[in-house]
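Engineer: Going by the numbering used here, the letters in the sequence shown line up with residues 66 to 435, in that order.
We treat Cβ as the ideally placed atom computed from N, Cα and C, and that holds for glycine.
I have a structure here, written as structure tokens, and I will follow up with some questions on it.
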Amino acid sequence: MSETLLHKPCSTCGATLHYQPGASSLDCPYCGSQNEISTAAGELARFDLTSAMAGEREGELPPERRLSCPSCGGEAIMAPQVFAQSCDFCETVLIDQDTSLRRFEPQGLLPFGVDEDQARDRLRRWLKSLWFAPSSLAKLARPKHRLRGVYVPYWAFDASTQTDYRGQRGTVHRVSRRVQVTRNGKSQWVTRSQNVTRWRSVSGQVERDFEDFLIQADGGLEALSDRRFSSWDTGALEAYNPDYLQGYEARLYGMDLVAGWQAAAQAMEGVIRSDIRHDIGGDKQRINTLNTRYWNQRFTLVLLPIWFSEFSFGRKRYQVVINGRTGEVRGQRPVAWWKVLVAALLVLGLVGAALVIASQIEGLSLLPPI
Ligand SMILES: [Zn+2]
Ligand SMILES: [Zn+2]
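Structure, rendered in structure tokens:
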């Protein structure tokens, strides 16, 4: 496909605009903004969420595509959710420039900071640290085991929030009570101390500003679905530059902006709830109602670097992901059931022995005769 159109995002909503060289401005089909043509540089572009969400929802991902390498002429098949990959023959990065694939293009990225050898080393250490893992698992982290370096799309949201809440603060008191008990067949009064929680109604307001709140937008990588990395150094985000894709695969988002914001708002509520608990104070907290107002909502789309490892063990396939900035490992793991069984038998044996000893001491027969 020939690429005669240039493309830049709408300065208001971030949608990809197409224009012919020579035009001086273009109307955004999504939010109606008139965009002057200018060369934006420096700061990562961020866009107004409200106007962007007013546009249409995005549909299906494009089908598999055929590309030819500009360097060697080799043919490549690009999977539906991929927009950049290396040529199989000469390793040139092949980028699908068709901007109609998705409405938004990445604005920023974190370049890979952990290389394949370092990632494999992290993987090896992780595999070694696993309890009850099959011994042959360590082989997986040998140099011939290739890892896949992938730039994964993430939505990054900014928002200011203010939340009114109603709830209750619980204070735990230690109280002494006289209770009647039976000892050696005799009834008597003793003093027992107990914890009692007293609840008091409270209400208040908390404020929180979110910055670069990340939501993984791929939607198609099973290994990432329930595995969050503990941190990403978003302060180091750089403006998107395709040069960084050299040698790696880069993916289109499968979760659109509306779904991304829904996920973000839900996750933000978790943070707000913990702010409220802190604000309520006391020993225990209950939140009855909360009402959050959002403003200054902005978003951008970024690519984050992740190493993927996939392996089969027995008949199952397992996936492990390694953060391409920090080396943090998250993954599925096989269990060597014979190791678990040996450990369980050992424990059972000890318990059994303890029971035998106990029964001899107490003169009771807990175990059936063998
Ligand atoms: Zn727009
Ligand atoms: Zn090539």
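Taking a contact to mean a Cβ-Cβ separation below 7 Å, would you say PRO218 touches TYR309 in this structure?
Structural biologist: The count along the sequence shown starts at 1 and reaches residue 218 at position 153. The count along the sequence shown starts at 1 and reaches residue 309 at position 244. Their beta carbons are not under 7 Å apart, which means PRO218 does not touch TYR309 by this criterion.
Engineer: So is the beta-carbon of GLY312 under 6 Å away from any non-hydrogen atom of ligand 2?
Structural biologist: Position 247 of the sequence shown, counting from 1, holds the residue named residue 312. False, no ligand heavy atom lies under 6 Å from that Cβ.
Engineer: Decide if ARG316 is buried, meaning its Cβ has at least 16 other Cβ atoms within 10 Å, or exposed.
Structural biologist: Translated into positions along the sequence shown, residue 316 becomes position 251. The residue in question, ARG316, is buried, as its Cβ has 16 or more Cβ neighbours within 10 Å.
Engineer: For THR81, verify whether its CB is less than 6 Å away from any heavy atom of ligand 1.
Structural biologist: Here the question's residue 81 lines up with position 16 in the sequence shown. Checking the Cβ of THR81 against ligand 1 gives no.
Engineer: Apart from the five residues on each side of it in sequence, which residues of its chain come closer than 6 Å, Cβ to Cβ, to ALA184?
Structural biologist: The residue labelled residue 184 in the question sits at position 119 within the sequence shown. Counting only Cβ-Cβ distances below 6 Å, and skipping sequence neighbours, we find LEU212, TRP372, ILE387.
Engineer: Ordered along the chain, which non-local residues of its own chain (more than five positions away) have a Cβ less than 7 Å from that of PRO171?
Structural biologist: Indexing the sequence shown from 1 puts residue 171 at position 106. If we look at PRO171 and ignore the five residues flanking it on each side, its Cβ neighbours are PRO218, TYR305, LEU366, VAL367, LEU368.
Engineer: Is the segment 287 to 296 in contact with the segment 218 to 229, if contact means three or more CB pairs nearer than 8 Å?
Structural biologist: Fewer than three Cβ pairs drawn from the segment 287 to 296 and the segment 218 to 229 lie within less than 8 Å of each other, which leaves the two stretches out of contact.
Engineer: By a C-beta neighbour count over all protein chains shown, 10 Å radius and 16 as the cutoff for buried, is THR164 buried or exposed?
Structural biologist: By 1-based counting over the sequence shown, the position of residue 164 is 99. The residue is buried, with at least 16 neighbouring Cβ atoms inside 10 Å.
Engineer: Kindly list the residues whose CB is nearer than 7 Å to the CB of GLY173, restricted to its own chain and excluding five residues on each side of it in sequence; keep chain order.
Structural biologist: Residue mapping note: residue 173 aligns to position 108 of the sequence shown, counting from 1. Cβ neighbours of GLY173 beyond the five flanking positions: LEU109, LEU302, GLU303, ALA304, TYR305, THR365, VAL367.
Engineer: Any residues whose CB sits closer than 5 Å to a heavy atom of ligand 2? List them in chain order?
Structural biologist: CYS134, SER136, CYS137, GLY139, CYS152, PHE154, CYS155, THR157
Engineer: Tell me whether TYR95 counts as near ligand 4, meaning its Cβ is closer than 6 Å to at least one heavy atom of that ligand.
Structural biologist: Ligand 4 is not part of this structure, which contains only ligand 1 and ligand 2.
Engineer: Using 8 Å for Cβ pairs, my map puts PHE154 next to GLY214. What's the rounded Cβ distance?
Structural biologist: Sequence index remark: in the sequence shown, residue 154 carries index 89 (1-based). Sequence index remark: in the sequence shown, residue 214 carries index 149 (1-based). Wrong, their Cβ atoms sit about 19 Å apart, outside the cutoff.
Engineer: Are the CB atoms of ILE352 and GLY232 nearer to each other than 7 Å?
Structural biologist: Against the sequence shown, residue 352 aligns to sequence position 287. Against the sequence shown, residue 232 aligns to sequence position 167. Yes. Within cutoff.
Engineer: What separation, rounded to the nearest whole angstrom, lies between the Cα atoms of SER430 and SER424?
Structural biologist: Looking up residue 430 in the sequence shown gives position 365. Looking up residue 424 in the sequence shown gives position 359. Caution applies to SER430, whose pLDDT of 47 falls short of 50 and renders its modelled position unreliable; the model cannot decide the point.
Engineer: Nearest to ARG242 by alpha carbon, out of SER258, GLY250, GLN270?
Structural biologist: The count along the sequence shown starts at 1 and reaches residue 242 at position 177. Ranking the options by Cα distance to ARG242, first place goes to SER258.
Engineer: Could you have a look at THR391 and say whether DSSP puts it in helix, strand or coil?
Structural biologist: Residue numbering aside, residue 391 sits at position 326 when the sequence shown is read from its first letter. Looking at THR391 - three-state DSSP - the assignment turns out to be coil, as it is neither helix nor strand.
Engineer: Excluding five sequence neighbours on each side, which residues of the same chain lie with their C-beta closer than 6 Å to the C-beta of ILE280?
Structural biologist: Position 215 of the sequence shown holds residue 280. A distance below 6 Å between beta-carbons, with the five flanking residues on each side excluded, links ILE280 to the following residues of its chain, in chain order: TRP220, GLY325, ALA328, ALA329.
Engineer: Could you pull the start and end residues of the alpha helix (DSSP H) that THR115 belongs to?
Structural biologist: Stepping through the sequence shown from its first residue, residue 115 is reached at position 50. Start and end: 114 to 118.
Engineer: In terms of residue numbering, what span does the beta strand (DSSP E) encompassing TRP360 cover?
Structural biologist: On the sequence shown, position 295 is the one that residue 360 refers to. Element bounds for TRP360: 349 to 378.
Engineer: Taking only the alpha-carbon atoms, compute the straight-line gap between LYS73 and LEU91 and give it to the nearest angstrom.
Structural biologist: Working through the sequence shown from its first residue, we reach residue 73 at position 8. Working through the sequence shown from its first residue, we reach residue 91 at position 26. Computed Cα separation, rounded: 10 Å.
Engineer: Which one or two residues does DSSP pair with ARG231 in a beta bridge?
Structural biologist: Position 166 of the sequence shown, counted from the first residue, corresponds to residue 231. According to DSSP, which records beta bridges pairwise, ARG231 is partnered with SER268, THR354.
Engineer: How would you call GLU68, buried or exposed, if buried means at least 16 neighbouring beta carbons within 10 angstroms?
Structural biologist: As a working mapping, residue 68 is identified with position 3 in the sequence shown. Residue placement at GLU68 cannot be trusted, given a pLDDT of 41 that sits under 50; the coordinates are not used to answer.
Engineer: Helix, strand or coil for VAL255? Go by DSSP, reduced to three states.
Structural biologist: Walking along the sequence shown from the start, residue 255 turns up at place 190. It is a strand residue.
Engineer: Return the chain-ordered list of same chain residues with a C-beta closer than 6 Å to the C-beta of PHE294, the five sequence neighbours on each side being excluded.
Structural biologist: Here residue 294 refers to the residue found at position 229 of the sequence shown. Cβ neighbours of PHE294 beyond the five flanking positions: ASN388, GLU393.
Engineer: Counting C-beta neighbours from all protein chains within 10 Å, is the total for HIS83 16 or more, i.e. buried, or is it exposed?
Structural biologist: As a working note, residue 83 is residue 18 in the sequence shown. By the 10 Å Cβ count, HIS83 comes out exposed.
Engineer: What would DSSP say about HIS210, mapped onto helix, strand or coil?
Structural biologist: Your numbering for residue 210 matches position 145 in the sequence shown. Three-state DSSP puts HIS210 in coil, outside helix and strand.
Engineer: What first and last residue would you give for the alpha helix (DSSP H) that runs through MET333?
Structural biologist: Position 268 of the sequence shown holds residue 333. Counting along the chain, the alpha helix (DSSP H) containing MET333 begins and ends at 322 to 345.
Engineer: From ILE341 to CYS96, what distance separates their C-alpha atoms?
Structural biologist: If you number the sequence shown from 1, residue 341 lands on position 276. If you number the sequence shown from 1, residue 96 lands on position 31. The C-alpha of CYS96 is placed about 36 Å away from the C-alpha of ILE341.
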